[in-house]
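Enquirer: According to this note's numbering, the stretch in the sequence shown is residues 230 to 510, in order.
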Amino acid sequence: MDAPLNVNEAGEMFLQWPCLSCENINVLMELSVDQVQLQLADVLDLKKHQTCMKEASVLDYFIAGFWWAKEMTFTCQQISFIMSLLQLLLDNIKDKHMPFADNFKEFTRTLLSSRQSSPSASATVNPLFDVDQIKSITDYFSSSLFQHYRLYEFLFTHPRDDMLLGMERYIEVVNSADFVAPLEEGTPTDDLHHIAPSPVAPPDQDSDACAEKDEEETDECEQVETLESREGFSVGDVREVLEEMTREMLGKLQEDFTEKLRIQEETYTARLESLKRLTSK
230 MDAPLNVNEA
240 GEMFLQWPCL
250 SCENINVLME
260 LSVDQVQLQL
270 ADVLDLKKHQ
280 TCMKEASVLD
290 YFIAGFWWAK
300 EMTFTCQQIS
310 FIMSLLQLLL
320 DNIKDKHMPF
330 ADNFKEFTRT
340 LLSSRQSSPS
350 ASATVNPLFD
360 VDQIKSITDY
370 FSSSLFQHYR
380 LYEFLFTHPR
390 DDMLLGMERY
400 IEVVNSADFV
410 APLEEGTPTD
420 DLHHIAPSPV
430 APPDQDSDAC
440 AEKDEEETDE
450 CEQVETLESR
460 EGFSVGDVRE
470 VLEEMTREML
480 GKLQEDFTEK
490 LRIQEETYTA
500 RLESLKRLTS
510 K
């Protein structure tokens, strides 16, 4: 089938999707969601759907519609009608820039045509959908397409890719005249070694030996100073120092004890005053 057909064209009864025949639709109904995605991406020629938001949205739009029709246990002819209706409404947004009201009228007219029989058809031909199915289709398109109509309009009317690629930003940087120029990216490591060779590190053993020697000399100096200080004090000097330290410690203890007593006294006084105020009331 080369193009969607309506009631008055080529003797076909209902609108059908030209991209897939009933045999191909029956094959798709046996596949998983991921396999359906691969097949529809090939049928719709959406080769950049993994990197292009517009193609990814279109592919998701058709996959969701097909899977919903499959879960509704529609026949291949009914699914073809649903896919053709999806294509019709999306083309109205993308190519004709049709507003919401006009596109919804187009949807209603096309859907109601599936309930009408052709004048040349026999009286035994049944409508494509019953009343309950018509209601389910209306609910699905309302929640999937018409509820997000503004988003689809924005998707197909704003050149998002060009806008992002053409965006410019000006960033202030430090004047490089007063500073050393940075190294070029991709400069081989061998060239950097020739230009600025790294300093030779001293052996670890020598540094450890020097550190141990310094520690030993420091300990010896401290021991000598301690012995000299002990030899220079008499018993009276030691007693005087101890008495002075004792007086300082006792003075600090007395001050701390007095401060704690003052804080407790203030606390109890405040409590008594609050109790007096409560009893006076």
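Each residue gets a CB set at the ideal place from its N, CA and C atoms; glycine is no exception.
Treat the numbers as computed from the prediction; the structure is a model and nothing was measured.
Let's see if you can read the secondary structure: which residues bound the alpha helix (DSSP H) around I363?
Expert: Start and end: 360-373.
Enquirer: Is it the case that the segment 311-318 contacts the segment 329-340, given that we only count it when at least three CB pairs across the two stretches are under 8 Å?
Expert: Cβ pair count under 8 Å is three or more, so yes.
Enquirer: Assign I322 to one of two classes, buried (16 or more other C-beta atoms within 10 Å of its C-beta) or exposed (fewer than that).
Expert: Buried, by the Cβ-count rule.
Enquirer: Just the Cα atoms here: how many angstroms apart are C281 and K325?
Expert: Distance between the alpha carbons of C281 and K325: 22 Å.
Enquirer: Could you give the DSSP three-state label for L244: helix, strand or coil?
Expert: Three-state result, L244: coil.
Enquirer: Classify E494 as buried or exposed, calling it buried when 16 or more other Cβ atoms lie within 10 Å of its own Cβ.
Expert: Counting Cβ neighbours within 10 Å, E494 comes out exposed, since fewer than 16 surround it.
Enquirer: Could you check the C-alpha separation between Q362 and I400 for me, to the nearest Å?
Expert: So the two alpha carbons sit approximately 59 Å from each other.
Enquirer: Just to confirm before moving on: does the CB-CB distance between M327 and K299 stay below 8 Å?
Expert: No.
Enquirer: Can you tell me whether N255 is buried or exposed? The criterion is at least 16 other CB atoms within 10 Å of its CB, across all chains shown.
Expert: That one is exposed.
Enquirer: So, with DSSP's three-state summary, where would you put Y399?
Expert: Reduced to three states, the DSSP call for Y399 is coil.
Enquirer: Straight-line CA distance for E484 to C450?
Expert: Those two C-alpha atoms are separated by around 40 Å.
Enquirer: For L317, which three-state DSSP category applies?
Expert: Residue state, collapsed to three classes: helix.
Enquirer: For N355, count the other beta carbons within 10 Å of its own beta carbon; 16 or more makes it buried, fewer makes it exposed. Which is it?
Expert: N355 is exposed by the Cβ-count criterion.
Enquirer: Can you tell me which of A330, R506, E397, T386 puts its alpha carbon nearest to the alpha carbon of Q376?
Expert: It is A330.
Enquirer: Near A499, what residues of its chain come up, given a Cβ to Cβ distance below 7 Å and the 5 sequence neighbours on each side ignored?
Expert: Here the set comprises nothing.
Enquirer: Ends of the alpha helix (DSSP H) at R468?
Expert: Here the alpha helix (DSSP H) through R468 covers 464-509.
Enquirer: Measure the Cβ-Cβ separation of Q245 and S309 and say whether it is below 8 Å.
Expert: A contact, by the Cβ cut-off of 8 Å.
Enquirer: On the DSSP letters alone, give me the boundaries of the alpha helix (DSSP H) that F295 sits inside.
Expert: From DSSP, the alpha helix (DSSP H) with F295 extends over 282-300.
Enquirer: Mind checking whether L288 and A270 have CB atoms under 8 Å apart?
Expert: Closer than 8 Å, so yes.
Enquirer: So, is L319 buried or exposed, given that buried needs 16 or more other C-beta atoms within 10 angstroms?
Expert: L319 is buried by the Cβ-count criterion.
Enquirer: If you count every other CB in all the chains shown that lies within 10 Å of the CB of Q266, and 16 or more means buried, which is it?
Expert: Label assigned to Q266: buried.
Enquirer: Buried or exposed: which applies to Y497, given that a residue is buried once 16 or more other Cβ atoms fall within 10 Å of its Cβ?
Expert: When all chains shown are included, Y497 counts as exposed.
Enquirer: If I follow the unbroken alpha helix (DSSP H) through Q268, where does it start and stop?
Expert: Here the alpha helix (DSSP H) through Q268 covers 262-272.
Enquirer: Helix, strand or coil, according to DSSP, for Q307 in the structure here?
Expert: Looking at Q307 - three-state DSSP - the assignment turns out to be helix.
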